[in-house]
Structure formats: C-alpha cells, structure tokens
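All the letters of the sequence shown, read from the start, carry residue numbers 377 to 867 under my numbering. Data block below; observations after.
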Amino acid sequence: MKHSIKRQMAACFIGVMAATLICCWLVNRFFLEDYYVKNKQHVIFNAYKVLNSGVSQGRLEEGDFITELDQICVTDNISLFVMDTSGNPRLYSNRDYKTLQRKLYAYIFEIEIPETARVLVQGDGFAIRESTDYLTQADYLEIIGTLDSGEPFIMRTAVESIRESAELSSRFFAYIGGAGILVSSLLIWWLSRRLSRPMLELAELSQRMADLDFNAKFTSRQDNEIGFLGKHMNQLSETLERTISELKTANNELQKDIERKTQIDEMRKDFLSNVSHELKTPIALIQGYAEGLKECINDDPESRDFYCEVIMDEAGKMNAMVKNLLSLNQLEFGNDVTAMERFDLVDLVKNVLHSVGILLEQKGIQLIFQAEEPVYVWADEFKVEQVVTNYISNAINHCEQERIIEVKLQKKEDSVRMSVFNTGSPIPEGELDKIWIKFYKVDKARTREYGGSGIGLSIVKAVMESMNKDYGVKNYDNGVEFWFEVDGKVS
Numbered sequence: 377m378k379h380s381i382k383r384q385m386a387a388c389f390i391g392v393m394a395a396t397l398i399c400c401w402l403v404n405r406f407f408l409e410d411y412y413v414k415n416k417q418h419v420i421f422n423a424y425k426v427l428n429s430g431v432s433q434g435r436l437e438e439g440d441f442i443t444e445l446d447q448i449c450v451t452d453n454i455s456l457f458v459m460d461t462s463g464n465p466r467l468y469s470n471r472d473y474k475t476l477q478r479k480l481y482a483y484i485f486e487i488e489i490p491e492t493a494r495v496l497v498q499g500d501g502f503a504i505r506e507s508t509d510y511l512t513q514a515d516y517l518e519i520i521g522t523l524d525s526g527e528p529f530i531m532r533t534a535v536e537s538i539r540e541s542a543e544l545s546s547r548f549f550a551y552i553g554g555a556g557i558l559v560s561s562l563l564i565w566w567l568s569r570r571l572s573r574p575m576l577e578l579a580e581l582s583q584r585m586a587d588l589d590f591n592a593k594f595t596s597r598q599d600n601e602i603g604f605l606g607k608h609m610n611q612l613s614e615t616l617e618r619t620i621s622e623l624k625t626a627n628n629e630l631q632k633d634i635e636r637k638t639q640i641d642e643m644r645k646d647f648l649s650n651v652s653h654e655l656k657t658p659i660a661l662i663q664g665y666a667e668g669l670k671e672c673i674n675d676d677p678e679s680r681d682f683y684c685e686v687i688m689d690e691a692g693k694m695n696a697m698v699k700n701l702l703s704l705n706q707l708e709f710g711n712d713v714t715a716m717e718r719f720d721l722v723d724l725v726k727n728v729l730h731s732v733g734i735l736l737e738q739k740g741i742q743l744i745f746q747a748e749e750p751v752y753v754w755a756d757e758f759k760v761e762q763v764v765t766n767y768i769s770n771a772i773n774h775c776e777q778e779r780i781i782e783v784k785l786q787k788k789e790d791s792v793r794m795s796v797f798n799t800g801s802p803i804p805e806g807e808l809d810k811i812w813i814k815f816y817k818v819d820k821a822r823t824r825e826y827g828g829s830g831i832g833l834s835i836v837k838a839v840m841e842s843m844n845k846d847y848g849v850k851n852y853d854n855g856v857e858f859w860f861e862v863d864g865k866v867s
C-alpha cells in the first residue's frame, strides 16, 4: 500500500537521522566561534584570578608561585605583564614585553593606538576584550586592568591557534553530537510509539469487544492497513452495539413495567389497609349509635339528638376523608391538570384566615399576619389554597403555650415563600421526614381528638410536587414552621 507502515517507519528514521546531522552541522557552523571565544574568556579569567590571588597574598616573589604562573601561561599560551606603581616592569612572561607595556600605557593614559578592540566583559577593576594587532593583524583575547594591590596588568592569548582551534572544534562537535544523538533517540522513540499506538489500540479494542463492551471504537486516523482494519472493526462494533442497545431498551421497559406493577400493587395494599383502619372507628361509632337509636336505649329528645349528632359528625369525617383520598389519588397518579395562573397570594391567605376566624376566637389563638400590599405569584390557585388551608388547620390543631400563629410572606429574587408558624411542642427530629406519608400521625390520640385523618400533609406533598416547587418543615424551640414556595414571576 502507498502508506504502508514499513515505508512510514523507514521515512521517519531516515528523516530523523538526516535532520540530526544537519542540525549538528548548522550548530557547528554558526555557534563554534562564540563557544571558542567563551572558552578563551574562561581560560584567561582563571589565569587572572590566580595572578590576583597571588599578588593579594604577597606571593609574587615566591618561586612556587612564579613556576605555577609560568606553567599556566605556557599551557594556555598566555602572555603576561605586570607593572608596579612607579611604571617599571615587575612581572612578565616573555622577553618581548614591550608591546604589552605599550598597550598597558595606552589603556592607563587612554592614548589612542591604531588597533581595533571590542570589550566583551566589563568587570570590577578589569575588562576582557577582543583586539587585533595593527602590525601582525593577529587576533587576541586580552584582560587588562588593575590588581587588588593597585598594580596595572595585562594578559593576552592568541585566538587563532590551529591546534587549539581543532581541539575546541572536536570537543564542541562531540558535545553537539552527543546532544543530537540523545534528541534523535527521543524523537525515534516517540515516533515509534506513535506509529505503534494504532496497533495497541486495535489490541485493546479487540479485548474490550471480547468482554462484550461494544461501545469501544477505533479512533486513530490511519490511511493504511491498520486504519482499514479499524474501520471494519468499528462497523462490527456499531452493529453489535445497536443490537445490544435494542435488547437493553426492551429489557429496561420490561423492568419498569414490572416495577410499576409491583408499586401499584403495594400502593393498593397500603391504601386498602389504611382506609380500612381509618374507616373502622367511625363506622363502628355510627353502627353503635344507630343501634342505640333503633332500640330506644334513651327515649329523651336530648339523647336522641346527641346520638344523631355523633352519627352525622362521624359520617362527615368519613365524607371528608374520602374526598381527600380521591383528591390525593388524582394528584399522585398525575390525573389532575395543573393550571398555572397569576393571582394575589395575600388575598388568598386573607380569605382562608377569614374562614377559620371563628376557630381562632374559640381557641383563643392570636393571629399575626401583617401583609397588606398584593403579592402576585404564578401557580395553580386552587391547589395553593389547599396547601394554605392544610397548613392553617394544622397550626390551629397543634397551637399551644402562648397560642400564637404567625403567617409570613417572604419575597425572593424569582419566588415567594409563605410560612405558617405556631407555638407549641416541636416535632421529634426522627418524625420530620415521616409526617408527609399518608395516614402517618405523630400523636394518634391528639389527631383522633380533633378528627384528623393524616392525609392533609400528604396532599401538600402531592400538590407541591405536581408544581415542582419546594416545601418543608422547620422546628424551633417554641414551635413549628411549615413553608412552601411558588414562582414570583414568569419563568
């Protein structure tokens, strides 16, 4: 094939090696001179440090120091001249020191001489510069300045020694060649890994498909044998994935149907059990008092009226509970349509409070509700009225101690929160999540006393969930607060 792996790998390896050699040549061609000069600067600066250290320590007259200095000058091809403060030669490395003395005088007295000089490094008391002798046209690297003892000095070395140049060139090329080999090795390793990655991906793909993971796909874009194989494996994977997806969808729907049927059966059982339990007491009372009327246990009118009132009261409770159950059933099964409309929540709350005003007076409850201006919200007005009525009724039935009920409306950025607080005993923390369950009663004796069925808060839960809004309950030291939220503007 045109783009076979063998050709690609051969082209990559040849290209990398050719590029490495070219780079080495270019670096040697353009950077060798700078490296050569830098190396010479290092050599002559080290010689200067040895000289300056010896002078500072007063070793200039010692034979060991003179021998060491001579060896450095000979080894590194350095010419040295030091002049004392009186202008007389004090130390020099060869007999032809006149040239160095003349250059040192010119430097000290800033006399212009016919030569070119370029300062490379300017230090404290010295300068390293590159100069060309106007007589011999030879290039030198020199360091000139004043020692720590105050004595002027000059040191210089030729920068065009053939042997030294060849040695430096070989050393420099060795450094660059080693770096080039290292970089080439890394590039070849990276390219080999990149070229072998599609094969490894195919191996991983086949393993995942063997494990029935048909979502695995070959993602590398290769226009060769591997890419051709990868495309066919992707087609196989897609076909299997589609088949498995259809099977999973059917299985999921079947599982949901089974769970829905089980849930409906459980709800039916719970409903029948709870309704039977709740209706048992009022039916027994109605039956007992009806039999008493039939058998004329008490013939006086007052007794008969009492019996009739009990029967009517229990029948009314049964009727209210059945209505609440029907309403709750419609909400839970989604058969009731939520009609979102804009209305004044303050006006709705006032109507509910007005309808229970007699109960508040009879029980001596102080009502606190200070909202005067309209607060318009978006919700199902009938359902919100059910929630408000349940909260107010619940607060009246459980109001104790100071006997205060406080209704508040709190505006937020996009919503309005209504809360109903009543003084009394807090709900046990372990019961807070259970009070929303159908027929659940925290205090069964108290609930039976005021005729509660345990359905009101379940209706609140179903109403708020049908509108996808938040609701809840919060305990305080002196009472309990129930709350819910509705939209304060069009969303």
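We treat Cβ as the ideally placed atom computed from N, Cα and C, and that holds for glycine.
Distance from the CA of L578 to the CA of D756, rounded to the nearest whole angstrom, comes to 59 Å.
For I734, the number of other beta carbons within 10 angstroms of its own is below 16, and it is reported as exposed. Per DSSP, reduced to three states, the secondary structure at K850 is strand. Look at P802 here: in three-state DSSP terms it is coil, with no helix or strand label.
In the DSSP assignment, the residues bridged to Q742 are I780. A straight line joining the alpha-carbon of F406 with that of D509 spans about 25 Å. Note that the C-beta distance between V426 and L445 is below 8 Å. A distance below 8 Å separates the beta carbons of K759 and V839. With distances taken between CA atoms, D515 lies nearest to S507 out of Y483, S507, S621. Beta-bridge analysis with DSSP links Y468 to F457.
Between N798 and G740, the C-beta spacing is not below 8 Å.
In the pairwise beta carbon analysis, the region 774-783 is classified as touching the region 795-813: at least three pairs are separated by under 8 Å. A394 carries a helical assignment under DSSP once its states are collapsed to helix, strand and coil.
Ranked by Cα distance from K845, the options G832, K837, N851 are led by K837.
The alpha carbon of D853 has as its nearest neighbour, out of K810, P802, E807, R478, the alpha carbon of P802. Residue environment analysis places R636 among the exposed positions, since fewer than 16 neighbouring C-beta atoms fall within 10 angstroms of its C-beta. In its chain, beyond the 5 residues on either side, C388, F389, V392 have a beta carbon closer than 8 Å to the beta carbon of I564. Rounded to whole angstroms, the separation of the alpha carbons of L397 and L517 is 32 Å. In the structure shown, L496 adopts extended strand secondary structure according to DSSP, grouped into three states. Note on geometry: alpha-carbon atoms of V413 and S561 lie some 31 Å from one another. Inclusion of L721 and V753 in the CB contact set at 8 Å is warranted, their separation being smaller than that value.
CA-CA distance, R435 to Y468, rounds to 15 Å. Out of A715, F719, S731, the CA that lies nearest to the CA of M843 is found in A715.
One alpha carbon belongs to I442, the other to P528, and they sit about 18 Å apart. Apart from the 5 residues on each side of it in sequence, G832 sits with its Cβ closer than 8 Å to the Cβ of N700, N766, S769, N770 in its chain, given in chain order. At the C-beta level, M585 and S621 stay beyond 8 Å of one another. For V763, the secondary structure class from DSSP, reduced to helix, strand or coil, is helix. In the DSSP assignment, L480 falls within the alpha helix (DSSP H) that extends over 474-484.
The shortest CA-to-CA distance from D790 to any of L511, A691, D863 is the one to D863.
Taking 8 Å as the cut-off, the beta carbon of I520 is found closer than this to the beta carbon of F502.
E685 sits exposed, since fewer than 16 C-beta atoms from the chains shown fall within 10 Å of its C-beta. Under the three-state reduction of DSSP, E857 is assigned to strand. Straight-line measurement puts the Cα of F682 at about 38 Å from the Cα of P804. Annotation for G439: no beta strand (DSSP E) segment contains it, though the alpha helix (DSSP H) segment containing it runs 439-451.
In this structure, DSSP gives T625 a helical state, which the three-state scheme calls helix. Shown here, I772 sits in a helix according to DSSP, grouped into three states.
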